[in-house]
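Enquirer: There's a structure below that I have some questions on.
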Amino acid sequence: MHSEASDAEFDHDVSVLAASRPFQVVLDFTTGLLTPSGGSFVRRLSDMASAYEDQEVVKRMLASGDDPVIYKSYCADVPHEPGHLAFLTTIITPGTVGSEFFMTKGHHHYRDSAELYLAMSGEGLMIMESHEGDFVQQELVPSALVYVPPGWAHRTVNTGSGRLTFMAAYFGDAGHDYASMESMGGFSIRVHRGDDGPQLRPSTSRDRVEGPR
Ligand code: M6P
Ligand code: ZN
């Protein structure tokens with residue numbers, strides 16, 4: 013088990029059987045488990061501290077020993093190589109950092125390629141942003157299938173009171189590019205808990221990176 017996912021981590025040892033022969037796994041739509049899985053990874057707040065807008069709250073939480081598991085993923089035993097279709101399930105814990113909902117780090121793919129998301133349980137939002145800065149949100153409710161076209165950065169947000177579980181499939185050689193969004197100060201829109209449900213607000217961390225205009 014690792015605390016931080018990287019592409020090296022996705023390239024775990026793959027059994028000869030899974031790499032070259034058809035196989036079957038089982039998805040548990042309630043728990044989000046994928047069985048058998050070829051490995052898993054966990055991301056805690058400390059693994060993605062810079063992703064959240066309110067850095068004072070992040071510092072306070074971590075200083076007091078509050079380092080919640082934000083999400084856990086179970087990966088299928090598929091090689092990260094051209095021609096293969098990698099897939100995994102992800103379970104996001106309910107909660108917020110300040111008023112910002114727990115979410116994935118979010119990324120582009122190095123090789124601009126599509127990804128398919130299937131929501132299994134819980135409630136959430138997928139936020140997506142193109143290289144040109146277009147923004148699209150899609151609701152994640154059980155059975156919703158979201159298509160992410162090549163070139164769109166994507167992040168998944170748990171806006172519900174229970175776990176959000178989903179599976180995603182992407183090209184084996186797509187690679188995960190976290191730096192492109194981080195270098196811009198993250199996504200342009202953030203998802204907060206509002207009085208009447210989730211509220212999408214322009215991110216202020218973009219200003220921090222770009223400076224006053
Ligand atoms: C989805 C997929 C994975 C990704 C995971 C966590 O399951 O998009 O490829 O790793 O979410 O998201 P992130 O890597 O952005 O933290
Ligand atoms: Zn992706």
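Each residue of the sequence shown is one higher than the one before, starting from 13 at the first, in our numbering.
Cβ atoms here follow ideal geometry from the backbone N, Cα and C, with glycine treated the same way.
None of the values given here were measured: they were computed from a predicted structure.
1) Is K84 near the ligand M6P, going by C-beta to nearest heavy atom under 7 Å?
2) Which residue wins for smallest C-alpha separation from S49, given the options M138, P91, V81 and E68?
3) Please tell me whether T108 has its Cβ less than 8 Å away from any Cβ of chain D.
4) Please list, following the chain, all residues that have a C-beta closer than 6 Å to any non-hydrogen atom of the ligand ZN.
5) For a test of the three-state rule: what should DSSP assign to R205, helix, strand or coil?
6) Give me, in chain order, the residues of the same chain whose beta-carbon lies closer than 6 Å to that of L157; leave out the 5 immediate sequence neighbours on both sides.
7) Could you check whether P154 and M132 sit closer than 8 Å to each other, using their CB atoms as the reference points?
8) According to DSSP, F147 sits in a beta bridge with which residue or residues?
9) Note down, in chain order, each residue of its chain lying with its Cβ closer than 7 Å to the Cβ of Y190, except the 5 sequence neighbours on either side.
10) Do F178 and L152 have their C-beta atoms closer together than 8 Å?
11) Would F113 and T47 be called neighbours here (beta carbons separated by less than 8 Å)?
12) What is the residue span of the alpha helix (DSSP H) that V69 lies within?
Expert: Answer, in terms of the structure:
1) Outside the cutoff, so no.
2) Among M138, P91, V81 and E68, the Cα nearest to that of S49 is on P91.
3) Chain labels in this structure do not include chain D; a single protein chain is all it has.
4) Cβ-based neighbours of the ligand ZN within the cut-off: H119, H121, E127, H166 and Y182.
5) The three-state secondary structure of R205, taken from DSSP, is strand.
6) Correct list, in chain order: L130.
7) It is a contact, given that the beta carbons lie within the stated cut-off.
8) Answer is E141, bridged to F147.
9) K117 and H119.
10) Result yes, Cβ atoms of F178 and L152 sit closer than 8 Å.
11) Contact flag unset, no.
12) Q67 to A75 is the extent of the alpha helix (DSSP H) around V69.
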